[in-house]
Structures are given as structure tokens and as C-alpha cells.
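Below: the structure, in C-alpha cells.
Chains as they are written, first to last, in this note's numbering: chain U, 1 to 656; chain V, 1001 to 1656.
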């Protein structure tokens, strides 16, 4: 029925350790075979990942590795200290991708050659004692671990470890894992708490090593990597780097009340805290994660799932400070949010985390890569104003081939190549479908294999058909589907409706279908996909008096290109007129558009000052804007914006 | 009737050259003697300026001058390349202040001693060929003029020149002017267009030298300084620094359609363009100034007169992008805006420029210094949110004793010490009062001296009494008062009402009273000071659905400290209830408060996601916020905020 990957992918990121205490465990088999995400993965496989070695060569990253290895001459070419991490993120992406290809096929052979070549460069650059950082090795930094605030040495090490774990999981080969372990051992020999006899009590200004070390523990079984991760997590917030929120050093994770500082740094750190809670049963870290996630979701997250309101320092804003046009919403922050939320979903079993993952995947994350896979967005604003002229540079509203700070593109590649692993889980009683994509998903329930096939045109259509392929005979188990937070209603049709089924309501976000399933049995859930108008909490000042258009998991936006004849900021949506839906196979790779009724606001020339006053005598007066003729508004999915031409865009639309 | 300065200040900044072609000329005598601004000048005189040498010593600026002169050992202490400019700005402020003191008094002697001491340090640091920049001389930079984008060498030179001109005008002494001329001559020998034989065709990334060189021309009569200023102005926008808007290098001034890039850099450059238009009659530069000023006022200026929407790069945002909580509104940008607007006011005679000066002086500028003169704000947001925690550092919402980048405090000092020079002007037919402050103002009309005394409690009271002290006998001349843009109505009472008076309407912003005035004759203008509710242009998304409270030239705000019992962001103003006024001599040094009626919005707990949806079927639904009990809102003048305790603040108040 659908194209499966050449080989069934093995467990991806977050392979829990044997003593982990979580509500759910990731599915041990997961393959997306058709539909929306398969198409995005296909672009990632055909365009995104293969271009990596070329782009890393032209940006100088590979040259700098050769330079560190003594195999090249010339100047260091990177102008940021974390250029190595781009290589590692690409190696991680390529490794997950290798896991999805038949090892004997030509694609796999080409990709494996590139991977081996880059691993060779990395291995050659490593020093005898395990240390590896081309910036420092080239003499650009002040010396090993001498600038923990900005040097990014442990950050780069973390990405090396994640790449090595992915490579080992995907190929079973030790070569990159050996490099990573030698570096991890060098770090473990150097960093430790006062009294440990280790020379440095310190943390990296950019968390990342922490969650990577937990994965290294999972892959190797070596407890000291987990302990080192715990040490690093808990040393944040004690002023070792001067106490800056930017470096996650103002307050310990266990005491924090709100997410703060640099968004990606905060979220990688919190992913590690969730990893530790999972592996060690640390209830305080779990509670901190739940508290901080709830605060972030309720007060510091954009409708798109994007996070990080400030361009300045790339950091979180105040609660409810969510400006549309200056939403930073770094693509990497969306990825970090998904990584953290997935760990929290497994830890707690709470459907909210996967609600936010869905929203972020379809909107704040997916907008980061162009439809053709060739260009990228670093920041993901919810509005580009009429008159905007800054269409260039890393943080612009135009998709770019590569960035000076190229953290986002290989980050997109690695998440896209491992996306199937964020879709399904199992627990002692059954299987849970967190996301909806056509494919096959399975794991162990009661020690017996359970697997299901999913068939859906989601998100264009709300119909999700789940067929049980395998399961324990003669024993009831639970097929659970997340009913999305946005969903106002749904229906369930079972092939054997009502027989031995017990069903709980979805008040906790899970539709649970419990019965003794017969292989081949099928359930069809149909989610209400009527388009919606969405309001913001009144404390979100930035969008007061506006609504957004949504349909299913997709946030919509208006683009200038669909609305000639005037500025986008002067369009007003009339909420008293119904929305309509039109699927447009010709547009943006095939999207369902939402059509709304509105008008163009006409503002009479007001002289030179834009703030007219009226007496404060309590008398009512009318505003000076008037209503122009009706305009049909065409909303397209937010993820597809900026794929045509430069121009204004907006998600939140005024209603008067 | 009021305290005058010990000596009548001589002409301050902007002493037009003999061939300047402007509509107006600055008053040649100007003294503020009592009332609101006299009190602020007194704080500047007693606290602001005297603390300068101590603060410049403790921040390292003076040490670095000694180091450059070879009279100190140790490390360079400044960590920014433009530390010298803080010294120069202080010298300029102190010079204007010297001009206001009786030269034999103890205050003047103390201040003159400090000034001479610092001038000595500056003179000693100068190299034999005239070059002077401690950053480069200390070996911190890469060498003279090798980093024009960021080195700030010409920027610092500009402030040196301005200080020297002020010192020369105030004291008649040549010592600092000689230093400045030698540096200017060194620059003139080095910089010039291709083909000029000068070694460098370049500009500074931070404009400032341009307007300073025009002043140096005015002070010395040497035309080549004016020519050099013209060269620098016109070389911006040609990509000499890579074409960045930040450095004012994306588009030539003559072609620009909108203000853009770093706000202070843009405005200093435009002040120079206005200076050049005044001195040379360059109609294209004048037209560019008029066009850019109109665009800035209409689309990129905050209600407070503050400009510069972005923290990131300290730059202007898009048209109508004016977020309240992230308003950068650097204090220096407000000062630069006033400097530019005053030059445009003189050039054109248009009252709009002085309207914006008034608004900026009373709000966006004055907020930059605490009531007691001891602490400062670098950025001037229009909102501090509930839950805000960042009360520290240069750009925080807490007044600070001094900044790492201490550009603003001495900039406030120099404007405050020369404020009387922005109040009055003359032209061929009479005298114009642009601002209202008790004092004496005069100049030449028909070659005869004209002077008037002003007596007013403005801005607390709208009554402005003007007495003619001196004027040509038996000849009609015009006393013109600006009727502020915000003013809905006014009355005029003349001592000799209707006799030989002709009066034009204020449609162009000027109330013109033309008659043959008798010395002692008095006119009383009374401006309507009823408090107002102010709306924003609907394109200012950030404050949709909100109003601001204003009274006279003052913008008001709410502060948390006056509204216990809940968050400030949940307060709603009821515009159907009248505003009330209460003068509070006890509060914030004596302010008139505005009382409004409102309520506390109650938002029911909404679960974890702050964006509720409703079907897009066109049916009306009510929002989820409800109305709590009534709350009296106490609004205080914006300039006085952050003088009590840390907490939330907002200018724009939601009305539902």
C-alpha cells in the first residue's frame, strides 16, 4: 500500500537504558511509508543530506578538520568556534538516513562513502589524548577549555557523540563511536566537581554535551557517562560562567520557574534533564521539566510551536511577550523543543507533549526548510511587514542556501531523517500513536511483538486508518491514538465495532481502544478538520484584536503574492463570514488553502503624526479607519511560506 | 521673577555661519530661569556634570588617556573602542555649563579646574601629527584607520571637535580647539575622494564627525572643514564599508526613502545633512531631510518621541513596527532626534520639527535620567511586563549608575546643559518661541535687539505669559508661539488686545502676533490641558486595541507600584469613563497624575495552551476573559517612571 524504506529503521534517538523508568518506551520498529512526511523525508534524502559534504567543503568545515589533522595548509576558514558541530550534525543525519536505505543499494553506497570519508577526517583530526576541536587546535581559541562561556568545545563534543551513537545504531560500526568515546573519556578525566580530583569544575556555555552523554551511556552501558551528564546538568545555574541566563547559568534547573535565556541552550539542557529523570528516576528533575514545559507552552510559545522571542541573544522573552514580526523562533529551537517534548512524552505518557510536537513539526519546524530542500530559514517570524527590506543574511525573511552560522540546516536534516522515531511508543499494555503518518510501527507488549499499519492523507484529511498487523493472540491490549488538542470532534469506526472493545474518553488526550485484536482488524478514526479561527490569550499584547486561521494541525498565513493590489497589513478578516476550504494540487507542492472574507482597511491621510488624540471625557468616538471593498483572503499553510517571492506575510489577522 | 543663570549663555550648539540660508536663526540670548526645565538643569548642574570626572576615572577612560600620553603604566582599561568619546561628551557638557555660571563663582572655578585637567589629559595624549585615539594608540586596534567600520576613530574625533567648539564658545579659550583642529587637519590630510591625492577614500561606521566638522567650520570660518563634512556625508551609502544599513552605508542620504539601520548613526548623519543644507543651500539634501523626517515621524517613532525599535543592532524597525516592550529607544537616539529636528526647524521654519522636539524632550529623552540625577536608562521601553526579571545591565529596565557602554549619560548632560538653545529663534520679522519654559530669550530683528520674558508653570499648567522686554520702537514685528500639535484649543489674552494686533490662525502650528510692541507689554496664551486618550494608527499592530493617556506634552504610564493586588498587564482602561487630574506635590518631585477608571481582567484557567480556537463558521462567540471589579488607575508621567522600585510599567492600555 505504501513505499517502505528499504530497511526497517532500528531504534533512533532516545534508546532508553535497561533500568529507565518511563511511562512509555519508543517503538522499536517505525517506518513512514507514504504521504506528507514521506514526501518531506524524500526531499531530505534526495536533496538535503546529499548536498551536505559539498556545502561543508565550500564553507570550510572540512578544510578546518584537515588543517587540525595536519593534512592541509592555509588559514583556518571558519569564523565561528563551533563549525565542527555542523559536520557532526550532518554525520548524524546521514547515519539515520543510512539506517533507512538498503545497504546494498547505490544510494546507500554513495552516502556510506561520504560518511566514511568525513569520519576519516574527524578521526584524523583527533589528538592523541582524545581531544578534538579544530578551532582550538588551529590556535583560534585561547587554549583548551579556557573559554567555556563561548568556546563551544563541549557543545561540539556533544554533537560528535550524538553522531557517533547514531552511526553505531544505524551501521553497527565502531569507528566514529571510538572517536567519540575517546573524547568523552578525555572530558571525563578533566571535568568534575570540587574534590573529585579533576582539574576543572565547569560547564559549557551552550548545553548539548549533557543529553549526548546520556545517549552515550545508553549505547555503551557505561554508567560514568550518565554520571558526567548529571554533573554537567546540575552545575548549571551556579555562576560558574558568571551567572548569565544566556548560558543557562542564572538558576539551577531544579529551581527554575520559567524557561529563560538562549532558547536552544535552554531546551537542550532540559532535554538532558528529562533524559536523566528517565534513566535515574530523579523525581525533582522530572517535576522541574513538567513545570518548565507547562510555563513555556502557556506563556512563551508561538502558535506555530516556535519558541524564542528575541533576536537579541536569541533568547526567550517575558511571559506573553510574543511579537509576530520579531519572533526569532530559530529553526534549531523548534527542533530542540521537539526533542525535549518527546523525552517528556515518554517519561510521563502525557499527550500534551505530543500535541506540541505535532504543532511544532507541521509549522515552526517545517517552515525551516524550503519545499525543494535547497534553502533554509534560520528564523521563523509570524509576520513580515509591508515595507520590509531586510531580505538577506542569516536571520532574514528569505530562504538562504547556507548560513554563516549554519547550525539549522544539518539540524533539520537529522530530525527529518529520524522522524519516524517520534511517532509511536509502547507501554506494558499496548501501543500509542502520537503522530499520524502512513507507515508501520511496532514494539513489544507483554513481551510479544505488536505492530500496526497506518494509512492516512493527514494533514489534508482527518481520516486515519489503523490496521493491526501483529499482536499477542487471545489477550486484550490497547491501541491508543492521540486526539489532538485542536480537535473539536472525532468519530471512530472499528471493523468489529463494539465486540470486546472498551473505550475511554479522550479527556486526557488519548483515545484508548482495548480489545483482543485479530491481525487484519482495522479501526478508522476521523478527526474533524473544519477550519478554525484562533484567538490568543489576552495577555499576548502583540496580537490583540487579531485571529489566526488553522485547520487540523496546520497554522495558516497570508502572503503578499496571493493578495495583489495593496499592502498585506491593511487587510482585515471578517470573522462573521464562514471560512471555506479549497485543495490546490497545483500550489506549493499541493496544499489545502483556506479562503476567508475580509476587506482592505482604508486609512485617511492623517498628517505627520500617527497618534491622534481625543478628549478623555468619556464620550465615544469612532476610529478613523474605514472599510474598503470586500477582499477574498487566501491562506496557505505557514510551513510553505517564502517559497515563492519576497514579500509581506502574516499569521495573525486583524478583525477590525 | 525667576532665577537666571549667573551669566547669560551665549549661542550654544548650531551657530549658523554667515552665509547660511535658513528660515530661522537660533536666539542669540537664551536663559531658562525657573520652572520644570530649570529644575532639571539644576540637577544636571549639581549632580550630573560634577560626577563626570569621578565616573570617567573609575571606568578607566582617564587612565587610558594617561596611558596614551605615556603618563601611566598598566593595561588599557576600556573594553570598547569609543571610550574617549565619553570624555569628550562630558567636556562638551561641562563647557555649556561653564557658560551658564558666573566665572568668578566657586562652582565655576571647581568645574573649570576639572575641565582644564581633562583637557590637559586629552592634549597630552595627542600625537605629534594630530592623531588622537587611545584605543588605537594602546595597540588595541589594528592600526590607524584600519577598521573604519567598527573602530570609531572619526566618531571620537567628532565628539572631540564638538567639545572643543563648545569650550571655545563658552570660554573663548583656544586650548581644546587647537587640539581638535590639529586632529581635524590630520583627518583632512588623510581622507578624500579618489583623485584627491589623499590616501584613504573612506567613512566612519558611526557618523558624528560630519556634523562636528560643520560646527568646526562655523567656529573657525575654515571652509575646508565644511567641504570635508560634505564629502563624508555623501560617501555614505556607496558600499565603502560593505553596504550595511547598520553603518549607514546601504543607500546614499540623497536617495533614501526611509530612516534605517542603527538609529543614532542614522540621526547624527541626518543632522549633518541638515547642517550642510543650511550652510550651502543644498536643496537636494534639504528635500532628503524633509522626506526622511516625515517618514520617521509617521511610521517609526514611538508616542514618547523615542526611536529605534530593535535591541538587535540598535536599529530602526520596519514602518509601523513599534513594539512596546522591546522598544529600544536609546536615550542617545532621542538626543540625536532632537539635534536633527532642531536643525530642520531652523532650516525650514516648520513647527512640526519643534512639536517632535517637545514630545521627545518631555518623554523619550527625559526618561533617560533619574529624578535625582544619579542614575540612567540606556533603553526606554514603553512597557515592562509582569514577570519581567531582567533588571540589570546596560539595557535593562532599571536605572543604572553607569554603563559599560556609557554613551548616554554624558549625552544627556550635554543636551541638558544647552537646553535653552533649543527654545527660541528669530527671523527677519520677529521672534519664535518653539518651547515653553520660564526664561528670557532674544535676538536681532531688523538689526535691532528683541527680547522677551516667559513665565509659565508648563507642563503642569497651560498658561504661558510672554512679556516684551525690548524691541524696535515704532515698528511692527511678530511674536510667534508654537501651538503644539497635541493642543485641541487655546486662548490668547493680550494686555492691549485688539489694538494694532494682526493674528494668523495656527493652521501651520504658529500663533503669530504682529504689532508694534511696547516694552512691558504682555500676552498670555492658555493651552487646553485636558487629559486625552490617544490611539495609534491601526498599522501599529503592537498596540491594537489600546489607548494611551496624555496631558499637554506629557505621555503617561501606569507603574506596578501604584497598582497593588495583581499584575499590571491585566488592567483594562474603560474609555467611556472620564479622566480626572490630580496634582501631587509629594509624588516623584511633584507631578500631575491622571486618574482613569478601569477594571482587572479575569482570565479563567485555560489549560496548557494559550490559543483557543472556535469553528470558522461565521457564528459570533464571546471571548473568555471576564470583567472583574472596578479599579482606579493612577497614571504618572512617563519621564518619571522607574524612580521608585522595579516592576511592570505600561504606556498603552487595553480597553477591553
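C-beta atoms are modelled at their ideal positions from N, C-alpha and C, and glycine is treated no differently.
{"query": "Interface residues of chain U facing residue 1540 of chain V [CB-CB closer than 8 Å]", "result": "610"}
{"query": "Spatially closest choice to residue 1053 of chain V from V:1113, V:1361, V:1043, V:1153, by CA coordinates", "result": "V:1113"}
{"query": "Residue 1495 of chain V versus residue 1292 of chain V - alpha carbon distance", "result": "A caution first: residue 1495 of chain V carries a pLDDT of 49, below 50, which makes its placement in the model unreliable, though a value can still be read off. So the two alpha carbons sit approximately 42 Å from each other."}
{"query": "Minimum C-alpha distance to residue 428 of chain U - residue among U:477, U:416, U:417", "result": "U:477"}
{"query": "Buried/exposed call for residue 626 of chain U, threshold 16 Cβ in 10 Å", "result": "exposed"}
{"query": "When V:1251, V:1165, V:1260, V:1182 are compared against residue 1216 of chain V, the one with the closest alpha-carbon", "result": "V:1165"}
{"query": "Selected residue, minimal CA-CA separation from residue 1383 of chain V, among V:1198, V:1596, V:1578, V:1559", "result": "V:1559"}
{"query": "8 Å Cβ cutoff, residue 173 of chain U in contact with chain V", "result": "no"}
{"query": "Residue 1366 of chain V vs residue 1639 of chain V beta-carbon contact at 8 Å", "result": "yes"}
{"query": "Per-residue DSSP class, three states only, for residue 1059 of chain V", "result": "coil"}
{"query": "Contacts that residue 1603 of chain V makes with chain U (C-beta to C-beta distance below 9 Å)", "result": "537, 538, 539"}
{"query": "Residues of the segment 1466-1489 of chain V whose Cβ lies closer than 9 Å to any Cβ of chain U, in chain order", "result": "1485, 1486, 1488"}
{"query": "Proximity below 8 Å, CB of residue 170 of chain U to CB of residue 214 of chain U", "result": "no"}
{"query": "Contact with chain V by residue 550 of chain U, beta-carbon distance below 8 Å", "result": "yes"}
{"query": "Cβ of residue 1358 of chain V within 8 Å of any chain U Cβ", "result": "no"}
{"query": "Below-8 Å beta-carbon distance, residue 1084 of chain V vs any chain U residue", "result": "no"}
{"query": "Reduced DSSP secondary structure (H/G/I, E/B, other) of residue 483 of chain U", "result": "coil"}
{"query": "Nonlocal neighbours in the same chain, by C-beta distance under 7 Å from residue 1262 of chain V, ignoring five residues either side", "result": "1246, 1313, 1314, 1315"}
{"query": "Beta strand (DSSP E) segment containing residue 364 of chain U, residue limits", "result": "It is not in any beta strand (DSSP E) - residue 364 of chain U carries neither H nor E in the DSSP assignment."}
{"query": "Residue environment, residue 630 of chain U, which counts as buried when at least 16 other CB atoms sit within 10 Å", "result": "exposed"}
{"query": "For residue 1102 of chain V, three-class secondary structure by DSSP", "result": "coil"}
{"query": "Residue 46 of chain U versus residue 287 of chain U - alpha carbon distance", "result": "42 Å"}
{"query": "Candidates U:632, U:211, U:603, U:492, of which the one nearest residue 575 of chain U by Cα", "result": "U:632"}
{"query": "Chain-ordered chain U contacts of residue 1341 of chain V [CB-CB under 9 Å]", "result": "In chain order: nothing, as chain U lies at least about 12 Å away."}
{"query": "Contact set between residue 1321 of chain V and chain U, taken where Cβ atoms lie within less than 8 Å", "result": "325, 326, 385"}
{"query": "Proximity to residue 1162 of chain V [Cα-Cα], best of V:1381, V:1186, V:1414, V:1266", "result": "V:1414"}
{"query": "Through-space distance from residue 1422 of chain V to residue 1342 of chain V, alpha-carbon basis", "result": "7 Å"}
{"query": "Straight-line gap, residue 84 of chain U to residue 23 of chain U (C-alpha atoms, nearest Å)", "result": "36 Å"}
{"query": "Contact with chain V by residue 377 of chain U, beta-carbon distance below 8 Å", "result": "no"}
{"query": "Short CB-CB distance (under 8 Å) between residue 1294 of chain V and chain U", "result": "yes"}
{"query": "First and last residue of the uninterrupted beta strand (DSSP E) at residue 633 of chain U", "result": "626-637"}
{"query": "CB contact flag (residue 531 of chain U, residue 551 of chain U, <8 Å)", "result": "yes"}
{"query": "Inter-residue Cα distance where the pair is residue 1578 of chain V and residue 1636 of chain V", "result": "17 Å"}
{"query": "Interface flag, residue 398 of chain U vs chain V, CB-CB below 8 Å", "result": "no"}
{"query": "Short CB-CB distance (under 8 Å) between residue 566 of chain U and chain V", "result": "no"}
{"query": "Residue nearest to residue 1269 of chain V in terms of C-alpha spacing, selected from V:1324, V:1204, V:1318, V:1322", "result": "V:1204"}
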